[in-house]
Amino acid sequence: MKPKTERYQNRIELLQGTLDMLILQTLQWGPQHGYGISQSIRGRSGEVLQVETGSLYPALHRLERQGWVTSQWKQTESNQRAKFYRLTPSGKKQLLSEQARWAQIVSAIAGIMNPAPDEG
Amino acid sequence: MNLWNWLFHRRQREEELDEEVQAHLRMAAQERMEQGESPEQARASAVREFGNVTLVKEVTRDMWGWRWLETLLQDLRYGVRMLRKNPGFTAVAVITLALGIGANTAMFSVVNAVLLRPLPFKDPGRLVEVEGAYAKDFVATPKPHFEWADWAERLKTLSDFSLYENGTINLAGEGEPDRVATAEVSEHFFSLLGINPVRGRTFLPAEEAAEHPFAAIISYELWQSRYGLDPGLVGKTVHLNGKPFTMVGVMPSGFEFPGQTQIWVTLPRNFNDEMFGGMAHMGWQIARLRPGATRDQARAELEVIAYRDMPVGARAANPVSVISLHQFIVGDIRPALLLLLGAVAFVLLIACANVAHLSLARSVGRFREVALRAALGAGRARLVRQLLTESVLLALTGGALGLLTSVWTLQVAKKLIPAQDILARGIKIDGWVLAFTFTVAVLTGIISGLAPALQSAKLDLTEALKESVGSHTGLIVGSRHRLRALLGVFETAAALVLLIGAGLLIRSFGKLLEVNPGFRTSDLVAAKLSLLEPSYSAPEGRLNFFQEVLFRVKALPGVHDAAFANVLPFGGGAGVVLGLNVGRGPKLEWGSGDGAFYLVVSDGYFQTMGIPLLAGRNFTERDTKPSTPVAIVSQSLARRQWPGQNPLGKHFSFAGNEQHSFEVVGIVGDVRAFDLGEQQWPQMYFPILQHPLDAAFLVIHGTQNSTATIATLRGVIRSVDKNEPIASIGTMEQLISQSVAAPRFRTLLLGVFAGLAFLLAVVGIYGIISYSVSQRAHEMGIRMALGAERRDVVRLVVGQGMRLTLIGVAIGLVAALGLTRLLASYLYSVRPTDPVTFGVVAMVMVAVALLACYIPARRATKVDPMVALRYE
């Protein structure tokens, strides 16, 4: 049980709404199913961000309800039937605004964490 | 997603979600297999990594919306299943609730129609009825009404005064002569109420100004029943009291104000110049408050005018009052209805308590189910919600059944409710009543379900699951039993309060019926005639008719005596004289003294009615126009006007009319004129030969049964004059019975509610005790195995029940002491704290509760000790 506990402790709590952005960002590279999305986020974050299924699927269904993604049943490369999610035009717009907001937050937090040296 | 989509694609989405999760697991497992894990291992770790599948699905489903509806449907489905699995419980609970909710629905429909629904007139909130202060300038008499209509225009607070008077009229031409209800109305009447005719028009100014009315308007109902909706009626001539009238309009269906008017005519401009004619002319006045004016302001303004010309120090016999038209029509029924609504709410509360402890008893049986659900992760709120859904479902079913029964109940209630004409006719199940019933049912479900639900959800899980079914009950029975005991005490107390209330009304009603009205009530038949045809316009014609009819009626077999009178006690309506001058002290203005009823009677009246002659003489055939005007006064009038003197031979006159004086020739006993319960003004009698009035009651003292008498009577009247209709006919008992319609209605209704409450409470106590006996079966078995006698067991069980009952009775008695004060105004010669009623009701309650406890106690003694012990 020890490794599991460790992983739980290493997990980074995602900021509210950040998961939505990560999913939209992931889907930017093409349609993907739920498992693929979670694997992709884990891989790209260097195994740091582990998306819980209990967060991922509600998020996907919520995004679909908001019209930012649509879904379709397709065959995977390994010939499995899976539900693929795809970004819609309004989802792309949402992603752009999320990216801008994210950049703002990052620079704001960076400003606090690494203050510019005093000019005086 | 809209509701439609959700309903139709729910199953499909459910399947897709499942497939999505399965695909996730397959892909995760496959990847692990590719990394070299065995298929079983890969599958297991994939599932472990995924987490709680059910939970993930549930939180994902939440995103679809309509989650609450989903839960509700699930709970409902489950609830229906549970209720169907326990048909006995369901039937008892539904019937109990149906009784409670049905009674409330019926009562509310009455309250809704009578008290809540606005009058069907234009801007009804500003319509008022104006009364009082019979001073010079005010309220028409003896001044012609059209003069005050002029000063009405100068009032700052009121506009559009209208005067009306109810009456009846002979309608002839085209078919049988008919006696119809009329209203004489002054100008503004229809515009004030905002009513427009469906055919023709309302009265023209020229018609309203006419000295003798000649235009009439008919009600839709009479137009339909008598003329078959003949469109040609408007413009035709009909004969009313033998005089030609032109029909100028038809009122809309349902409009019969005032009362149940069938024909409206204009108010005559000149009053009957007979001396009683003008006096008797007291109509009702309605008016409209000007925008922004209040009733108080209107009353203040009218008082100034009413008292302006009064002699200093004189008091008006009737103070000025300005009340809303709605209140005027509703009359004094309002507090009685609210009281009954309160009583019926108590019945529902008792029903709730019964269902609550039925559910409590059942919840012990469902204990494992609830514990299991809790163990599987159901939150407490979720459990409570599910149990509440069940009880609300139960209550809604009961409510639906109650609604059905109230439809029937209302048919009965409509017949019993003292006729409030337009209001009573509006009693029906409408949207408001449905909304009320729905709300009450939901509340009932929550009230009756909350306690059991909270109790069930309060389990200690670990303890509960560890224990076996046999002994777990001991853990929770303590607190449950307290709750059940509380419910039992409440039911007993509430039922006792209602029973005492009903008991008081019944006792009072009994006393009311025992009141001696001052005349004989049996073997008396009264018929109302009118004599309004032109042939009776001369006094001689009327007197001839009276004589002829009396002669023939008295000759009928079995008839002891017969007489004519202008009004009868309990016959509705009476002439009032306000102030008598008896020849000493300052002269009174009319309207500034105590009142007296006057009756004009033929000489046989007192013998026929059985009113005792206490002193002096009866009227005789010699008391005619040329001889001295004479009068007979009732005992209390004699005492009031001539205290300590012998009134015989004394003279008196009406205030304001001193030129006519009367000599007192006799003193008779007092009679009750309108109401058995209340002594009103005293009476004075005048001989019909000196004052030949035009409308008269024929009263007959005979021994035949009434239907035969009535048939014979019709024959006699027709043989004297074939055109004379009998307006109404009935026995004196019927007239008196009508006068007690309101107390009978109250007594009957409260009696029914109290009976219902009593039944429910007794069933409740029985349920509590018999449940407790079944729970304590082994205890009883052990006690008996250890040597307890049956007697001891009975004493134990009955003692437990009686403790509840006695506490309930004590609380109920105290509550009743406080609450019966509300009944005080409906009680006749019974005090609201009448010890007899309190004592008898409490004893009955205790006795019946004793029986309700004894039956389960007997059962407890039948427990076989061996069986009980084997279970342990």
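One line per chain: the protein sequences are L and A, in this order.
Heads up: the first sequence runs through residues 375 to 494, numbered per my numbering.
Heads up: the second sequence runs through residues 45 to 916, numbered per my numbering.
Idealized CB from N, CA, C, for every residue including glycine.
Shorter than 7 Å from the beta carbon of A/I70 to some beta carbon of chain L?
Stepping through the second sequence from its first residue, residue 70 of chain A is reached at position 26. Before going on, a small fix: residue 70 of chain A reads as Arg here, not Ile. Answer yes: the Cβ-Cβ gap between A/R70 and chain L drops below 7 Å somewhere.
Original post:
Helix, strand or coil: how does DSSP classify A/G300 here?
Top reply: Mapped onto the second sequence, residue 300 of chain A falls at position 256. According to the sequence as given, residue 300 of chain A is Glu; it is not Gly. In this structure, A/E300 counts as coil in the three-state DSSP scheme.
- Item | C-alpha distance - A/I262 paired with A/G298, whole-angstrom precision | Here residue 262 of chain A corresponds to residue number 218 of the second sequence, with the count starting at 1. Here residue 298 of chain A corresponds to residue number 254 of the second sequence, with the count starting at 1. Put simply, the backbone Cα of A/I262 is about 12 Å away from that of A/G298.
Tell me the residue span of the beta strand (DSSP E) that contains A/H735. If you number the second sequence from 1, residue 735 of chain A lands on position 691. Per DSSP, A/H735 belongs to no beta strand (DSSP E) and is neither H nor E.
I want to verify the contact list: residues of chain L whose CB lies under 8 Å from the CB of A/W3, in sequence order. Given that chain A is displayed from residue 45 to residue 916, the structure contains no residue 3 of chain A and the question cannot be resolved.
Note to self: Between A/K472, A/T775, A/F789, which has its C-alpha nearest A/F614's C-alpha?
What the structure shows: Within the second sequence, residue 614 of chain A is the residue found at index 570, counting from 1. Comparing Cα-Cα distances from A/F614 to each of A/K472, A/T775, A/F789, the minimum goes to A/T775.
Q. What are the boundary residues of the alpha helix (DSSP H) that A/T849 is part of?
A. One-based indexing of the second sequence puts residue 849 of chain A at position 805. 834-863 is the span of the alpha helix (DSSP H), which, as asked, contains A/T849.
Practice prompt. Could you tell me which residues DSSP puts in a beta bridge with A/I261?
Written response: Stepping through the second sequence from its first residue, residue 261 of chain A is reached at position 217. Bridge partners of A/I261 according to DSSP: A/G293, A/W308.
Under three-state DSSP, which class holds A/K180?
-> Start at 1 with the first residue of the second sequence, and residue 180 of chain A comes out as number 136. Note that A/K180 has pLDDT 39, beneath the 50 cutoff, so the model's placement of it is unreliable and the number below is only indicative. When secondary structure is reduced to three states using DSSP, A/K180 falls in the coil class, being assigned neither helix nor strand.
Could you pull the start and end residues of the beta strand (DSSP E) that L/V443 belongs to? Locating residue 443 of chain L in the first sequence gives position 69, counting from the first residue. Counting along the chain, the beta strand (DSSP E) containing L/V443 begins and ends at 443-449.
Straight-line CA distance for A/W452 to A/D474? Translated into the one-based positions of the second sequence, residue 452 of chain A becomes position 408. Translated into the one-based positions of the second sequence, residue 474 of chain A becomes position 430. Answer to the nearest angstrom: the Cα atoms are 15 Å apart.
Just to confirm the assignment, what range does the beta strand (DSSP E) spanning L/I415 have?
Taking the first sequence and counting its residues from 1, the one referred to as residue 415 of chain L is at position 41. Not the beta strand (DSSP E): L/I415 falls in the alpha helix (DSSP H), residues 408-418.
Query raised in the report: Any Cβ of chain A within less than 7 Å of the Cβ of L/Y459?
Result: By one-based count along the first sequence, residue 459 of chain L stands at place 85. Contact with chain A is absent for L/Y459, since none of that chain's Cβ atoms lies less than 7 Å from the residue's Cβ.
Check: Which ranges does the beta strand (DSSP E) cover as unbroken runs of at least 3 residues, wholly within the region 575-611 of chain A, from first to last along the chain?
Finding: 603-609
What residues of chain L sit near A/L99, judged by a beta carbon separation below 8 Å?
Walking along the second sequence from the start, residue 99 of chain A turns up at place 55. Going along chain L in sequence order, the residues near A/L99 (Cβ under 8 Å) are G428.
Taking its Cβ as the centre, do 16 or more other Cβ atoms sit within 10 Å of A/M71, making it buried, or is it exposed?
Residue 71 of chain A sits at position 27 when you count from the first residue of the second sequence. Per the 10 Å Cβ criterion, buried.
*asked:* Taking the straight line between their C-alpha atoms, what separation do you get for A/G446 and A/S403?
replied: Looking up residue 446 of chain A in the second sequence gives position 402. Looking up residue 403 of chain A in the second sequence gives position 359. For A/G446 and A/S403, the distance between alpha carbons rounds to 20 Å.
Based on Cα-Cα distance, which residue from A/G489, A/N560, A/A405 lies nearest to A/Q499?
Translated into positions along the second sequence, residue 499 of chain A becomes position 455. Comparing Cα-Cα distances from A/Q499 to each of A/G489, A/N560, A/A405, the minimum goes to A/A405.
Subject >> Close Cβ partners of A/Y815 (< 8 Å) along its chain, the five nearest in sequence each way excluded >> reply: Your numbering for residue 815 of chain A matches position 771 in the second sequence. Closer than 8 Å at the Cβ level, and outside the excluded window around A/Y815, lie H401, A405, R528.
Within 7 Å, strictly: CB atoms of A/T104 and L/H435
Residue 104 of chain A sits at position 60 when you count from the first residue of the second sequence. Residue 435 of chain L sits at position 61 when you count from the first residue of the first sequence. Yes, these two residues count as a Cβ contact at 7 Å.
Mind pulling the alpha helix (DSSP H) runs of 4 or more residues that sit fully within the region 670-720 of chain A?
679-685
Practice problem: Have a look at A/K166 and A/P296 and give me their C-alpha separation to the nearest angstrom. | Solution: On the second sequence, position 122 is the one that residue 166 of chain A refers to. On the second sequence, position 252 is the one that residue 296 of chain A refers to. About 14 Å.
For the ligand MN, any of its heavy atoms closer than 6 Å to the Cβ of A/Y870? This structure simply doesn't include the ligand MN, nor any ligand for that matter.
**Study point:** L/K467 versus L/T392, L/Q402, L/S414, L/Q449, residue with shortest Cα-Cα distance
**Key:** As a working mapping, residue 467 of chain L is identified with position 93 in the first sequence. Of the listed residues, the one whose Cα sits closest to L/K467 is L/Q402.
Practice prompt. Starting from the C-beta of A/V242, find all residues in its chain whose C-beta is less than 6 Å away, skip the five residues before and the five after it, and write them out in chain order.
Written response: As a working note, residue 242 of chain A is residue 198 in the second sequence. Once the five neighbours on either side are set aside, the close Cβ partners of A/V242 are V294, P296.
Does A/F94 get closer than 7 Å to chain L when you measure Cβ to Cβ?
Along the second sequence, read from residue 1 onward, the residue named residue 94 of chain A stands at position 50. By the rule that beta-carbons nearer than 7 Å mark a contact, A/F94 touches chain L.
Could you check whether A/V597 and A/V760 sit closer than 7 Å to each other, using their CB atoms as the reference points? Counting from one through the second sequence, the residue named residue 760 of chain A turns up at place 716. Counting from one through the second sequence, the residue named residue 597 of chain A turns up at place 553. Result yes, Cβ atoms of A/V760 and A/V597 sit closer than 7 Å.
* Which residues DSSP lists as bridging A/T212, in chain order -> For this step, residue 212 of chain A is matched to residue 168 along the second sequence. Answer by DSSP bridge pairing, in chain order: A/A225.
Subject >> alpha helix (DSSP H) segment containing A/Y649, residue limits >> reply: The residue labelled residue 649 of chain A in the question sits at position 605 within the second sequence. For A/Y649, the enclosing alpha helix (DSSP H) covers residues 649-653.
Rounding to the nearest angstrom, what Cα-Cα distance links A/N690 and A/L381 in this structure?
Looking up residue 690 of chain A in the second sequence gives position 646. Looking up residue 381 of chain A in the second sequence gives position 337. Rounded to the nearest angstrom, the two C-alpha atoms are 48 Å apart.
Output the boundary residues of the alpha helix (DSSP H) element that contains A/E175.
The residue given as residue 175 of chain A occupies position 131 in the second sequence. Unbroken run through A/E175 is the beta strand (DSSP E), 171-175; no alpha helix (DSSP H).
Practice prompt. Could you spell out the range, first to last residue, of the alpha helix (DSSP H) harbouring A/A868?
Written response: By one-based count along the second sequence, residue 868 of chain A stands at place 824. Counting along the chain, A/A868 falls outside any alpha helix (DSSP H), and DSSP gives it neither H nor E.
| Can you check whether the CB of A/G713 is closer than 7 Å to the CB of A/R661? | One-based indexing of the second sequence puts residue 661 of chain A at position 617. One-based indexing of the second sequence puts residue 713 of chain A at position 669. Their beta carbons are not under 7 Å apart, which means A/R661 does not touch A/G713 by this criterion.
Quiz item: When the Cα atoms are used, what is the spatial distance from L/L496 to L/R439?
Solution: No statement about residue 496 of chain L is possible, as the shown extent of chain L runs from 375 to 494 and does not include it.
Check your understanding: Where does A/I349 fall in DSSP's three states?
Key -> Taking the first residue of the second sequence as position 1, residue 349 of chain A is located at position 305. Helix.
* **Chain-ordered neighbours of A/V103 on chain L, where CB pairs are closer than 9 Å** => Here residue 103 of chain A is taken as the residue at index 59 of the second sequence, counted from 1. Below the 9 Å Cβ cutoff, chain L contributes G428, S429, Y431, P432 as neighbours of A/V103, in chain order.
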